[in-house]
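Numbering (our numbering), first residue to last: 30 to 120.
Encoded structure:
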């Protein structure tokens, strides 16, 4: 497996230009309109994974109060907020 064989597509990847219509993203990433619908307005933790010539939707959402969510959370704003709450409680 090579790094270029694996790509995670997120909604933000579909906006390289301010007025980019979605059909451009279909061509750019070589995905169908049905697959594009999986990421258009998708919730955090969902999207498409491409491996080689296969593209599949995924849903990896977790409850925010779970230990797994705390471990895998990449939302910087939530992490800062949680850190500030912990510091306030410790005072």
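We put the beta carbon where it would ideally sit given N, CA and C, even for glycine.
Since the model is a prediction, treat every value here as computed from it, not as a measurement.
CB of residue i within 9 Å of CB of residue j, strictly
i, j, result
"residue 90", "residue 64", "no"
"residue 87", "residue 76", "yes"
Start and end residues, beta strand (DSSP E) containing residue i
i, result
"residue 83", "83-88"
Nearest residue (CA-CA) to residue i, options the options
i, options, result
"residue 72", "116, 115, 104", "104"
"residue 82", "115, 60, 106", "60"
"residue 97", "74, 66, 62", "74"
Element boundaries [alpha helix (DSSP H), containing residue i]
i, result
"residue 95", "Here residue 95 belongs to no alpha helix (DSSP H), and DSSP marks it neither H nor E."
"residue 63", "62-66"
Residue i: CB within 8 Å of a non-hydrogen atom of the ligand NAD
i, result
"residue 85", "In the structure on display, the ligand NAD does not appear, and there are no ligands present to speak of."
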